[in-house]
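K.L.:
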Amino acid sequence: MNITKQQMDALNNCLKCSICVDSCPVTRVDPRFPGPKQLGVDRLRIAQETGEQPNPAVNYCSNCKTCETVCPSGVLVGTLNQLTKGDLPRKGLGLREIIFSNNSILGKLMHIWPQAGNLITALPPVRKIMEKTVGIAAQAPMPAYSKTTLRKSLKGYQPVFTQTPKEVLYFPGCFTQYNKPEVGMALVKILAKLNYKVIIPEFKCCGQPSISNARLKDTRRFAEANLRILKQYLKPGMALLFSCPSCLLTFKEEYKNILGMEEYTEFSSAMLDAGEFLLKHEKQLAGLISASGKNILKLAYHEPCHLRASGLGTPGLSLLKQFGLDITPLEAGCCGLSGSYGLKTEKHGIAEEIGMNLKKAIAASNYREVVTECGMCSVQIKHLTKLPTSHPLELLAMMLKE
Amino acid sequence: MKYDVVVIGSGMSGLVAAAKAVSRKRNTLIITKGQGMLPLTSGCIDLWGYQLDNPKVFAANPFEEIRKLVLRNPKHPYAKVLDVLPESVDFLKKILQASGYFLIGNIYENRKVLTALGTERITALIPPSMVVKEPEKIRTIIAVGFKNYLDFFPEMFLDNLKNTSLPKGVKVPLTIDLGIPEALRSNHLSYLLERKEVLDRVADEINGTLTASGLKTGNYDESVLVVFPAVLGRDFDIYNKITKTLAVQVIEVPGLPPSIPGQRLNKALISYLRKKGAEFYHNSEVTGYTIENGRISSVAVKDSSNNTRQIEAESFILATGSFMGGGLLAKKDSLCEPVFKLPVVEYKQQDHEACFLTIEGMPFLNAGLEVDGELRPLKGVNNLYAVGSILAHSNYAAEKSGLGVALSTGYKAASLA
Numbered sequence: 309m310n311i312t313k314q315q316m317d318a319l320n321n322c323l324k325c326s327i328c329v330d331s332c333p334v335t336r337v338d339p340r341f342p343g344p345k346q347l348g349v350d351r352l353r354i355a356q357e358t359g360e361q362p363n364p365a366v367n368y369c370s371n372c373k374t375c376e377t378v379c380p381s382g383v384l385v386g387t388l389n390q391l392t393k394g395d396l397p398r399k400g401l402g403l404r405e406i407i408f409s410n411n412s413i414l415g416k417l418m419h420i421w422p423q424a425g426n427l428i429t430a431l432p433p434v435r436k437i438m439e440k441t442v443g444i445a446a447q448a449p450m451p452a453y454s455k456t457t458l459r460k461s462l463k464g465y466q467p468v469f470t471q472t473p474k475e476v477l478y479f480p481g482c483f484t485q486y487n488k489p490e491v492g493m494a495l496v497k498i499l500a501k502l503n504y505k506v507i508i509p510e511f512k513c514c515g516q517p518s519i520s521n522a523r524l525k526d527t528r529r530f531a532e533a534n535l536r537i538l539k540q541y542l543k544p545g546m547a548l549l550f551s552c553p554s555c556l557l558t559f560k561e562e563y564k565n566i567l568g569m570e571e572y573t574e575f576s577s578a579m580l581d582a583g584e585f586l587l588k589h590e591k592q593l594a595g596l597i598s599a600s601g602k603n604i605l606k607l608a609y610h611e612p613c614h615l616r617a618s619g620l621g622t623p624g625l626s627l628l629k630q631f632g633l634d635i636t637p638l639e640a641g642c643c644g645l646s647g648s649y650g651l652k653t654e655k656h657g658i659a660e661e662i663g664m665n666l667k668k669a670i671a672a673s674n675y676r677e678v679v680t681e682c683g684m685c686s687v688q689i690k691h692l693t694k695l696p697t698s699h700p701l702e703l704l705a706m707m708l709k710e
Numbered sequence: 038m039k040y041d042v043v044v045i046g047s048g049m050s051g052l053v054a055a056a057k058a059v060s061r062k063r064n065t066l067i068i069t070k071g072q073g074m075l076p077l078t079s080g081c082i083d084l085w086g087y088q089l090d091n092p093k094v095f096a097a098n099p100f101e102e103i104r105k106l107v108l109r110n111p112k113h114p115y116a117k118v119l120d121v122l123p124e125s126v127d128f129l130k131k132i133l134q135a136s137g138y139f140l141i142g143n144i145y146e147n148r149k150v151l152t153a154l155g156t157e158r159i160t161a162l163i164p165p166s167m168v169v170k171e172p173e174k175i176r177t178i179i180a181v182g183f184k185n186y187l188d189f190f191p192e193m194f195l196d197n198l199k200n201t202s203l204p205k206g207v208k209v210p211l212t213i214d215l216g217i218p219e220a221l222r223s224n225h226l227s228y229l230l231e232r233k234e235v236l237d238r239v240a241d242e243i244n245g246t247l248t249a250s251g252l253k254t255g256n257y258d259e260s261v262l263v264v265f266p267a268v269l270g271r272d273f274d275i276y277n278k279i280t281k282t283l284a285v286q287v288i289e290v291p292g293l294p295p296s297i298p299g300q301r302l303n304k305a306l307i308s309y310l311r312k313k314g315a316e317f318y319h320n321s322e323v324t325g326y327t328i329e330n331g332r333i334s335s336v337a338v339k340d341s342s343n344n345t346r347q348i349e350a351e352s353f354i355l356a357t358g359s360f361m362g363g364g365l366l367a368k369k370d371s372l373c374e375p376v377f378k379l380p381v382v383e384y385k386q387q388d389h390e391a392c393f394l395t396i397e398g399m400p401f402l403n404a405g406l407e408v409d410g411e412l413r414p415l416k417g418v419n420n421l422y423a424v425g426s427i428l429a430h431s432n433y434a435a436e437k438s439g440l441g442v443a444l445s446t447g448y449k450a451a452s453l454a
């Protein structure tokens, strides 16, 4: 494993206060994962001297990054765990990990005929076969593919600009591209009203799934391709927007911390959460929002772990509150699914148990809908509560005046 | 976006400051690098532990000692908040109650709490689950441990009880095997006990022990005390259920972190703040500030990838803690406060004290910021306040004053901010 001097120093900042163990959602529900401190920080310190092999239990880390968020000493506990995972000897072909790490290929395949794909992958016998052959839990909530992709939806959309528009880049991410293009469309529509033209180059997957599936070679391939695209498209002063917190976190942090790609630091001030960008245009946006949108009642807000870890607050929540929506943050912790983690046979039960907090918090009040930025969080919330979910951008777009 | 109050730090002082601010309908933001230390505490709140005139003896009345203290040491943080100390404790109890958390006790009386070691410690406010209601009536004590749980040993606990004020009675150690082959941690144990089937099984085993000892009467029996490590769930539901099922006195005793009672307290405060609309920036760090006409107008806030953004507010409350929380940094030959670069009062000490855990305390813990009567650390700047363990002239470890200073200073600053 390539652990940098900086990371090693940060490792030595660990006070052993145990606050990461205290907050780890996996350790709480499953004793097979002894916790982020033991497997990440403590073991690495020992391994530096003894060369001790990683403990395979580190595979139970879901990379939710709660440990990093709560650490008072800036130790990148979760990052170190992902690096350790990458060092584990691989057993067999790892077909499941290949599929999850390359989910854009899966997206393209499913979009040959998405309705049929959704139907087939929902059939119990098919799910049983998937469980037996590749280890994808039969009971796990599979994200449904939308009728159309973001790319196809945009083809039929021509925004009207009254003056020469400014330009922004947008990284929709696989979930928006293949599963929920409505989020991307919402952003494009809102930005058009603010006189921004949205450019969406042919980005690769951000690579977050490949990080948690311990296929760091895939991550590097994606990161390098995305870097070439960024260099080509991102002009000085231009912003690169994200609607998915995990994609944003991967671009801003993981490429640098996990792959050591310092090249991304020069772009990091351009990379923004879409809500954060809109918050900068708050006054202008306020003039475009109609009061009738305020009829949407009793919303719960779930803060995705990766948004929390990004350290930029909850701009989507701030905007919705600002525009008068009745929205309450749940403060119930991780949803448990953590991307593809909870889809795996051996981890599905863990994901369900972690998600119980969220389920209880939602059941405690009579919420009508749950708002969250993260696609896979919304899959889990729908699965646990049967309530509709939406992205803050979708609600904002609904509130736009005609 | 502009806030009324920005609180930097989310330990006890920051959370109480934010709570007071939102209760005054101030639009409040909490910026925090890492979670505060509150979830690592025992869930009890210390105000003052020992007698000023006899530092080896517990103080019976903390408020009385604090009143004496401020006359002798007018620089102590308590001297700045004596006027609001009673109401700040009442405020905390009230807002916690609104989130389903309770604290028993008051500022005029210290109470004894049993620890996982079987020793007694002194504190002022305790959760109901740690209160021995009728100690004089106890005849039998059953200490319940769990196989592979290494933070509570029933035999050791019971043996150490001989040095406490509890009546000498029959002592029964009981270790329950929940069938977990791995080392059990408090968090997981607490999660397991929240499951009905596990709690029922635990109750059955204890009832079995009671019956075998001829103690099962069917009616409430206050002569029996059942002691658990402090792992009875993330709210008081489990404590209430097991007390009802066993029909005897039940307590949980605090031990090492992860501390479930500390997590409960933290969760209750945060849930109050969320309900009242406070916002949070997690995993972000304040790295600088702008000052205009004698007022701090904004702070520079760094996200996880070192990008900074400016956040404006009317008032700023610095609640970044002491050395552990990162509020104070120790360099080779000096101390510094990294956010506002405020002057730090130092307390010199020899490198190797004869006894690390000396009752007089380690002098370095007295280091920190000096503030005026309104908790302002910077002369001429009226909208910056400092609260909690970052304040100088208080030694929380020796005084047993940590959370008391935190909550009262946090409360006062937010009353002014």
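Residue numbers (the working numbering), protein chains in the order written: chain A, 309 to 710; chain B, 38 to 454.
Heads up, the beta-carbon is just placed ideally off N, CA and C, and yes, glycines get one too.
All values derive from a computational prediction rather than experimental measurement.
#1: Within the chosen definition, does the segment 50-62 of chain B reach the segment 616-632 of chain A through at least 3 CB pairs nearer than 8 Å?
#2: Out of GLU411(B), GLY398(B), LEU415(B), point me to the one whose CA is closest to TYR87(B)'s CA.
#3: Using only the alpha-carbon positions, how far apart do VAL169(B) and CYS372(A) sit?
#4: Strictly below 8 Å CB to CB, what residues from chain A border GLU316(B)?
#5: Residues bridged to LEU428(B) by DSSP?
#6: So ALA429(B) and ALA404(B) are in contact, right, with Cβ under 8 Å, and what is the actual spacing, rounded?
#7: THR680(A) lies in the alpha helix (DSSP H); which residues open and close that run?
#8: Does the beta-carbon distance from GLU677(A) to THR693(A) come in below 8 Å?
#9: CA-CA distance, SER577(A) and ALA116(B)?
#10: What number of angstroms, rounded off, separates the C-alpha of VAL42(B) from the C-alpha of ILE68(B)?
#11: Can you say whether TRP421(A) is buried or exposed, counting buried as having 16 or more other CB atoms within 10 angstroms of its CB?
#12: Chain B partners of VAL349(A), CB-CB under 9 Å?
#13: Quick check: the segment 665-672 of chain A against the segment 636-650 of chain A, are at least 3 beta-carbon pairs closer than 8 Å?
#14: Please determine, among GLU405(A), PHE408(A), GLU584(A), MET450(A), the residue with the shortest C-alpha to C-alpha distance to GLY425(A).
#15: What number of angstroms, rounded off, separates the C-alpha of LYS457(B) from the C-alpha of VAL121(B)?
#16: Reducing DSSP to helix, strand and coil, say where PHE341(A) ends up.
#17: Which residues in chain A sit within 9 Å of ARG222(B), going by Cβ to Cβ distance?
#18: So with Cβ pairs under 8 Å, would you call VAL679(A) a contact of chain B?
#19: Just list the residues that DSSP pairs PHE408(A) with in beta bridges.
#20: Do the CB positions of LEU365(B) and VAL381(B) come within less than 8 Å of each other?
#21: By the criterion of Cβ-Cβ separation under 7 Å, what are the contact partners of SER577(A) in chain B?
#22: Distance, Cα to Cα, SER371(B) vs ARG148(B)?
#23: Hey, how far is the Cα of LEU384(A) from the Cα of ALA318(A)?
#24: Measure the alpha-carbon distance for LYS652(A) versus HIS610(A) and round it to whole angstroms.
#25: How many angstroms separate the CA atom of MET361(B) from the CA atom of PRO380(A)?
#26: For a quick check, are the C-beta atoms of THR152(B) and VAL290(B) less than 8 Å apart?
#27: Find the nearest neighbour of TYR563(A) within the set ASP526(A), ILE407(A), GLY683(A), judged by alpha-carbon distance.
#28: Where does GLY46(B) land, buried or exposed, given buried means 16+ other C-beta within 10 angstroms?
#29: With 8 Å as the threshold, decide whether the Cβ of THR377(A) is near any Cβ in chain B.
#30: Return the CA-CA distance between ALA180(B) and ILE141(B), expressed in angstroms with no decimal places.
#31: Exposed or buried, which one is ARG346(B) when buried takes at least 16 other CB atoms within 10 Å?
#32: Can we say the segment 471-484 of chain A touches the segment 547-554 of chain A, given the rule of at least three CB pairs closer than 8 Å?
#33: Between the Cα of THR207(B) and the Cα atoms of GLN300(B), ARG176(B), ASN200(B), which residue gives the shortest distance?
#34: Report yes if the C-beta distance between CYS322(A) and VAL349(A) is below 8 Å; otherwise report no.
#35: Using a beta-carbon distance below 8 Å, is ARG616(A) in contact with chain B?
#36: Between which two residues does the beta strand (DSSP E) containing ILE178(B) stretch?
P.N.:
So, to answer that:
#1: no
#2: GLY398(B)
#3: 40 Å
#4: GLY621, THR622, LEU625, SER626
#5: LEU406(B)
#6: 6 Å
#7: No alpha helix (DSSP H) contains THR680(A), which DSSP labels as neither H nor E.
#8: no
#9: 45 Å
#10: 11 Å
#11: exposed
#12: In chain order: nothing, as chain B lies at least about 14 Å away.
#13: yes
#14: MET450(A)
#15: The shown model of chain B, from 38 to 454, leaves out residue 457(B), and the question about it has no answer.
#16: coil
#17: VAL329, THR335, ARG336, PRO339, PRO342, GLY343
#18: no
#19: PHE408(A) is not bridged to any residue.
#20: yes
#21: ASN344
#22: 39 Å
#23: 7 Å
#24: 23 Å
#25: 8 Å
#26: yes
#27: ASP526(A)
#28: buried
#29: yes
#30: 23 Å
#31: buried
#32: yes
#33: One detail in the question is off: residue 207(B) reads as Val in this sequence, not Thr. Here the closest residue by C-alpha is ARG176(B).
#34: yes
#35: yes
#36: 177-183
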